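Numbers 435 to 729, taken from the working numbering, label the letters of the sequence shown in order.
Just so it is clear, CB atoms sit at the ideal spot from N, CA and C, and this is done for glycine as well.
Quantities reported herein were computed from a predicted structural model and do not represent experimental measurements.
Note sheet for the following structure.
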Amino acid sequence: MKSYFFVLLAVALMVSCKQKQKEKLSLNETIKLEQPVVNPDTLRSDFMKWWTYYNNDLSFTADFIAVDEHGTIIKKSKFLKTLITGNFIPIQLQSESKVPHYKLFVNTGKNATAISNFIQEVAATTYKFFEAEGTPFPNFDVSDLEGNKFTNENLKGKIVVLKCWFIKCAPCVAEFPEVNKLADDLRNNKNVVFISLATDKTAALKSFLEKKPLQYHTIAEQDHLITNELHIYGFPTHIIVTTDGSIYKETSKFSELKTALYTLLSEKSASNKVRDDKEHHKLPPPPPPPLKKAS
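As structure tokens, then:
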């Protein structure tokens with residue numbers, strides 16, 4: 435009974451930590467100001483230094499604690515909306531916390547316009563991804579290049595990993611080795627399905643994938659689903675749909691996809707462990723009520 439309690443407590447803590455920032459933080463709380471990990475002036479002085487820092491060190495779709503320019507904790511949505519103005523750059527603060535702290539710093543200097551344009555585009559896309567989390571994946575009924583049929587109904591109970599792409603998208607193709615390795619590493623997990631949504635026609639895809647294989651079930655001509663239903667305009671875009679059919683994560687970075695997927699799998703594994711323990715630690719039923727004495 436005691437072991438079951440601790441397993442249940444561990445899962446409860448894990449799930450609570452995964453809630454969106456607006457649910458897990460004390461908003462409007464001013465934190466002790468720490469130094470940024472990089473001098474803001476260094477990043478503002480050179481666009482390529484900023485871009486390299488963003489690409490290697492920041493992850494807007496992952497969990498982070500958002501801090502405004504005054505050192506006050508704010509909602510992640512407000513943080514992203516503020517970045518969309520182009521007036522600030524985000525920099526991680528030094529912290530012992532496992533969850534990174536990103537703080538807003540004023541965007542100034544000769545490279546302000548170039549950095550601003552980049553941040554505005556990235557923040558707008560990330561905000562769209564953030565708002566999609568927890569929403570139902572659109573209705574679909576499709577077949578892959580081998581004729582395997584996929585619908586919302588037959589994918590219930592599965593974790594679905596989707597890659598939106600097209601043949602002439604160089605970054606989409608460049609990440610093939612990484613996504614193939616991920617799919618190969620999880621090939622024995624029957625609860626995870628990898629599906630690629632491509633905008634190209636069937637014949638072109640078959641010809642292309644003969645030369646550059648993709649370890650995903652590939653669906654052709656998905657312009658409508660990608661653009662009109664999912665409102666995705668940048669490629670590649672990765673989506674994780676959880677077992678209840680809702681969107682768990684959207685991201686344009688493979689590294690963020692991989693991290694989010696393994697986080698979700700660990701949560702599901704812990705949740706299943708609790709259920710298994712519960713089955714093995716069932717309490718005996720309460721005793722029946724005492725029999726009434728015969729009058």
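Proximity of residue 528 and residue 595 at Cβ, strictly below 9 Å:
no
Distance between beta carbons of residue 695 and residue 674, contact taken as under 8 Å:
6 Å
Can you tell me the Cβ-Cβ gap for residue 542 and residue 494, rounded? I've got them flagged as a contact below 8 Å.
The pair is not a contact, with the Cβ atoms about 22 Å apart (cut-off 8 Å).
Going by C-alpha to C-alpha distance, which of 659, 685 and 654 sits closest to residue 669?
685
With DSSP as the reference, identify every bridge partner of residue 470, one or two as the case may be.
527
Give the range of the beta strand (DSSP E) segment to which residue 631 is assigned.
626-632
Below 7 Å CB to CB, which residues in the same chain sit around residue 517 once its five sequence neighbours on both sides are set aside?
524, 553 and 557
Which residues in the same chain as residue 663 place their Cβ atom closer than 6 Å to its Cβ, once the five residues preceding and following it in sequence are excluded?
572
Is it true that the CB of residue 625 sits closer than 9 Å to the CB of residue 677?
yes
Just to check, is the beta-carbon of residue 615 closer than 8 Å to a non-hydrogen atom of the ligand SAM?
Of the ligands one can find in the structure shown there are none, so the ligand SAM has no counterpart to examine.
Using the beta-carbon count (16 or more within 10 Å), is residue 665 buried or exposed?
exposed
Could you tell me the alpha carbon to alpha carbon distance between residue 585 and residue 637, rounded to whole angstroms?
23 Å
Could you tell me if residue 597 is buried or exposed, where buried requires 16 or more neighbouring beta carbons within 10 angstroms of its beta carbon?
buried
Hey, would you say residue 601 sits closer than 9 Å to residue 632, going by beta carbons?
yes
CA-to-CA distance, residue 468 to residue 606, given in whole angstroms:
38 Å
Beta-carbon contacts of residue 610 that lie in its chain and below 7 Å, excluding the five residues immediately before and after:
646 and 648
With distances taken Cα to Cα, identify the nearest neighbour of residue 474 among 496, 659, 628 and 546.
546
Can you tell me whether residue 630 is buried or exposed, with buried defined as 16 or more other CB within 10 angstroms of its CB?
buried
Residue 670 bridges to which residues according to DSSP?
Beta-bridge pairing links residue 670 to no other residue.
Out of curiosity, what's the CA-to-CA distance linking residue 455 and residue 501?
Confidence at residue 455 is low in this model, with a pLDDT of 42, below 50, so the placement of that residue should be treated as unreliable; the coordinate-derived value is given next. Going from the Cα of residue 455 to the Cα of residue 501 covers about 11 Å.
Beta-carbon spacing of residue 579, residue 652 below 9 Å
yes
Taking just the CA atoms, how far does residue 691 sit from residue 564?
14 Å
Please identify the residue among 483, 492, 535 and 491 whose C-alpha is closest to the C-alpha of residue 503.
535
How would you label residue 683, buried or exposed, when you count the other beta carbons within 10 angstroms and need 16 or more for buried?
buried
Below 8 Å on the Cβ atoms is my guess for residue 681 versus residue 568; work out the distance and round it to an integer in Å.
7 Å
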